[in-house]
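Single-structure report; data block below.
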Amino acid sequence: MKHLTTRMLAIIVALLASLSMMLAIVSLPHLAYAVGADDGSAQGADQSVAPTPVAGPVPNIIVTNFTYGGDSVAAGAKFDLNFTFQNMGQVAVANMVVTVDGGESFAIAGGTNTFYFDALWAGYSLSQTVPMQALASAKSGAQPVTVSFRYEYLDSGARSSNQSDVKIAVPISQPDRFEVGDPVPSDQIVAGQETTVTLEYVNKGKGDIANVETTMEGEGFDATMKTQYVGNVASGATGSIGYAFTPTASGELNATLKVSYEDSDGQSKTKEFPVKLSVADAAPMDDPSRVDSDMNQNASQGLPWWVWAAAAAVAVAVIVGIVLLVRRHRKKKAKSEIDEEWDDWAGGNADGKLDTQSGGDIASGKTVGDAADSTTANNATASGGATSTFAISPSTDATPTTVIEPVNAAAEPNQIVPDDSGQSDGSAQTV
């Protein structure tokens, strides 16, 4: 019995040893061998061809998580970009260089954008924080940030290199600078008549404003269009919003104007403006029959009496003025003619000549004495009372001869005195 037990133990040990050897053979790695080009048969038995190992998979580095401090980054604001990256391959990587590029929307806010890591084992992760700033001129919305990885790894004993670029998106929001002025009503608001309330607006932001529309809430008015659509407003654009409505009754009208729009981030916003208006009563309509009767009455009455009186007074004044001017003109003209005749006559006597009329009298047969009397009278009148003495001497000829000599002023006029010469020719002197 004891001999049987020893034999059985030896058999069991041998079986266990055989099983261990089989397990060891199965666990050995399998090698891949090249395939012949001619017949495609395996050349594993031919010891003259060396086996070529198959290259393993390339390790990939990806960004698994990142944060930027909130829902979005305001344009011009600084923030910290923190990202986590992981080695998704089966082998470790070494000599890793990480570069962060903000593109046209972001800049590094101090420090560098390049970082170095010695190694990153398969399946392991690392984190990095980069201070950045969103540019003021950046557009609203998600803007890209590129993270580049450049590294080396061992593949079947050989060193290889690889590079991968990963882009992450950081949203930028431009500040809402869409400004709307206070409502400006019309100068006069009358019940039953359409009027307009105007609002001026300007978009001072960098981004566009979309879907601008206006509504008016309240009672005591009607509007053909409850919502007046304006549309999109570009950056820097200005304009006005006119809301047309019709008050239904006079008095005080209280309403609220609402301007709704979408900002550059796509967020819906609303601005409200309370409006208090004073509505006047509509003017009463004129009765056509009454207007016609008033016109007929005015036509029948004619002009008032005082209008006629004023017109008559003006006419009389004009006529009197004309008469006075004519009479004055005639008096001046007559006086001027008399003065001219007097000057001509006085000038002729001053030269010692007889008046034309006296000469005519003598020529017509009047006596010399009559002519002398006439001439003396005329000279007296012209000289203002002074008397001139003429001496007329008759001649024996048929034609009388007149001699004019000055004599004593004290002598009596028209007195005939004898000649001092004592001549008997019949000549005489007339004083």
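Count the sequence shown with mature numbering (1 follows the signal peptide of the UniProt record, and there is no 0) and you get residues -32 to -1, 1 to 399, in order. Ideal placement from N, C-alpha and C gives every residue a C-beta, glycine not left out.
Pick helix, strand or coil for K107, following the three-state DSSP scheme.
The residue you call residue 107 lines up with position 139 of the sequence shown. The answer is coil: DSSP assigns K107 none of H, G, I, E or B.
I need the boundaries of the beta strand (DSSP E) containing I29, first residue and last residue.
Taking the sequence shown and counting its residues from 1, the one referred to as residue 29 is at position 61. Per DSSP, I29 belongs to the beta strand (DSSP E) from 29 to 35.
Would you kindly report the start and end of the unbroken beta strand (DSSP E) that includes G207?
In the sequence shown, residue 207 corresponds to position 239, counting from 1. Here the beta strand (DSSP E) through G207 covers 206 to 215.
Determine the closest residue to F241 out of A217, S(-15), A77, V152, with distance taken between C-alpha atoms.
Working through the sequence shown from its first residue, we reach residue 241 at position 273. Nearest of A217, S(-15), A77, V152 to F241, Cα basis: V152.
Apart from the five residues on each side of it in sequence, which residues of its chain come closer than 6 Å, Cβ to Cβ, to S116?
Here residue 116 refers to the residue found at position 148 of the sequence shown. Answer for S116: T67, D133, listed in chain order.
Grab me the residues of Q58's own chain with a C-beta within less than 8 Å of its C-beta, minus the 5 sequence neighbours each way, in chain order.
Here residue 58 is taken as the residue at index 90 of the sequence shown, counted from 1. Contacts found: G24, P25, P27, A90.
Verify the contact flag: R118, CB atom, against every heavy atom of the ligand PLP, threshold strictly below 7 Å.
With respect to the ligand PLP, the structure shown offers nothing to examine, as it has no ligands at all.
Mind pulling the beta strand (DSSP E) runs of 3 or more residues that sit fully within the region 47 to 129?
If we require 3 residues or more, the beta strand (DSSP E) runs fully inside the region 47 to 129 come out as 61 to 69, 74 to 76, 82 to 88, 93 to 102, 109 to 123.
Where does M(-11) sit, in a helix, a strand or coil, going by DSSP?
Taking the sequence shown and counting its residues from 1, one reaches residue -11 at position 22. Helix, per DSSP.
CA-CA distance, T80 and G125?
Here residue 80 corresponds to residue number 112 of the sequence shown, with the count starting at 1. Here residue 125 corresponds to residue number 157 of the sequence shown, with the count starting at 1. Straight-line Cα distance between these residues: approximately 34 Å.
Applying the criterion that 16 or more other CB atoms from any shown protein chain within 10 Å of the CB defines a buried residue, is I306 buried or exposed?
For the purposes of this step, residue 306 is taken as the residue at position 338 of the sequence shown. I306 should be labelled exposed.
What does a CB cutoff of less than 7 Å around D190 pick up in its chain, not counting 5 residues either side in sequence?
In the sequence shown, counting from the first residue as 1, residue 190 sits at position 222. Correct list, in chain order: F213, T214, T216.
Exposed or buried, which one is D86 when buried takes at least 16 other CB atoms within 10 Å?
As a working note, residue 86 is residue 118 in the sequence shown. D86 comes out exposed.
Return the CA-CA distance between A285 and Q156, expressed in angstroms with no decimal places.
In the sequence shown, residue 285 corresponds to position 317, counting from 1. In the sequence shown, residue 156 corresponds to position 188, counting from 1. Distance between the alpha carbons of A285 and Q156 is about 51 Å.
Please report how far the alpha carbon of S108 lies from the alpha carbon of A248, in whole angstroms.
The count along the sequence shown starts at 1 and reaches residue 108 at position 140. The count along the sequence shown starts at 1 and reaches residue 248 at position 280. Roughly 48 Å between the two C-alpha positions.
Are the CB atoms of S218 and S279 within a distance shorter than 8 Å?
Residue numbering aside, residue 279 sits at position 311 when the sequence shown is read from its first letter. Residue numbering aside, residue 218 sits at position 250 when the sequence shown is read from its first letter. Note that residue 279 is Ala in the sequence shown here, rather than Ser. No; because the gap between Cβ atoms is not below 8 Å, this pair is not in contact.
When the Cα atoms are used, what is the spatial distance from V41 to V61?
Residue 41 sits at position 73 when you count from the first residue of the sequence shown. Residue 61 sits at position 93 when you count from the first residue of the sequence shown. Their backbone Cα atoms lie some 34 Å apart in a straight line.
Identify whether S203 lies in helix, strand or coil by the three-state DSSP scheme.
In the sequence shown, residue 203 corresponds to position 235, counting from 1. Reduced to three states, the DSSP call for S203 is coil.
Let me check understanding here. Comparing Cα to Cα, which of E147, A223, T114, N63 lies closest to L122?
As a first step, residue 122 is located in the sequence shown; it is residue number 154 there, counting from the start. With distances taken between Cα atoms, L122 lies closest to N63.
Helix, strand or coil for S132 per DSSP?
Position 164 of the sequence shown, counting from 1, holds the residue named residue 132. Three-state result, S132: strand.
Short of 8 Å in beta carbon distance, which residues of its chain neighbour E33, apart from the five on each side in sequence? Order them along the chain.
As a first step, residue 33 is located in the sequence shown; it is residue number 65 there, counting from the start. Checking the displayed sequence, the identity of residue 33 turns out to be Asn instead of Glu. Counting only Cβ-Cβ distances below 8 Å, and skipping sequence neighbours, we find F51, T52.
Which same chain residues end up closer than 6 Å to A43 when comparing Cβ atoms and leaving out the 5 residues on each side of it in sequence?
Locating residue 43 in the sequence shown gives position 75, where the first residue counts as 1. A102, A104, A106, I140, Q142.
Could you work out which residue in V65, S129, V201, K300 is closest to residue 400 when comparing CA atoms only?
Any property of residue 400 remains undetermined from this structure, which presents the chain solely from -32 to 399.
Whose C-beta lies closer than 6 Å to the C-beta of E147 among residues of the same chain, with five residues either side of it excluded?
Position 179 of the sequence shown, counting from 1, holds the residue named residue 147. V170, listed in sequence order.
Taking its Cβ as the centre, do 16 or more other Cβ atoms sit within 10 Å of P374, making it buried, or is it exposed?
One-based indexing of the sequence shown puts residue 374 at position 406. Confidence is the limiting factor: at P374 the pLDDT is only 47, short of 50, which leaves the residue's position unreliable, though a coordinate-based value still follows. Result: exposed.
Name the residue from G210, V275, R296, A205 whose alpha carbon lies nearest to the alpha carbon of E181.
In the sequence shown, counting from the first residue as 1, residue 181 sits at position 213. For E181, the nearest C-alpha among the options comes from G210.
Looking at the structure shown, is T192 part of a helix, part of a strand, or coil, going by DSSP?
Residue mapping note: residue 192 aligns to position 224 of the sequence shown, counting from 1. Coil at T192, not helix or strand.
The beta strand (DSSP E) that contains S228, what's its start and end?
Start at 1 with the first residue of the sequence shown, and residue 228 comes out as number 260. From DSSP, the beta strand (DSSP E) with S228 extends over 219 to 230.
By the 10 Å Cβ neighbour count, where 16 or more other Cβ atoms means buried, how is S73 classified, buried or exposed?
Position 105 of the sequence shown holds residue 73. Under this definition S73 is a buried residue.
Output yes or no for whether 8 Å exceeds the beta carbon distance between A137 and A178.
As a position in the sequence shown, residue 137 is number 169, starting the count at 1. As a position in the sequence shown, residue 178 is number 210, starting the count at 1. No, these two residues do not count as a Cβ contact at 8 Å.
Is I157 helix, strand or coil when you go by DSSP?
Taking the first residue of the sequence shown as 1, we reach residue 157 at position 189. Reduced to three states, the DSSP call for I157 is coil.
Taking the beta strand (DSSP E) that A43 belongs to, which residues open and close that run?
Residue numbering aside, residue 43 sits at position 75 when the sequence shown is read from its first letter. Looking at the DSSP string, A43 is not in any beta strand (DSSP E), and its letter there is neither H nor E.
Using the rule of at least 16 other Cβ atoms within 10 Å of the residue's Cβ for burial, across every protein chain shown, is I(-21) buried or exposed?
Reading the sequence shown from its first residue, position 12 is the one you call residue -21. Exposed.
Exposed or buried, what is L(-17) when buried is set at 16 or more other beta-carbons lying within 10 Å of its beta-carbon?
Translated into the one-based positions of the sequence shown, residue -17 becomes position 16. Its Cβ having fewer than 16 others within 10 Å, L(-17) is exposed.
Pick helix, strand or coil for E187, following the three-state DSSP scheme.
Along the sequence shown, read from residue 1 onward, the residue named residue 187 stands at position 219. Coil, per DSSP.
Per DSSP, which residues does A248 bridge with? Please list them.
As a first step, residue 248 must be located in the sequence shown, where it is residue number 280. Per DSSP, V158.
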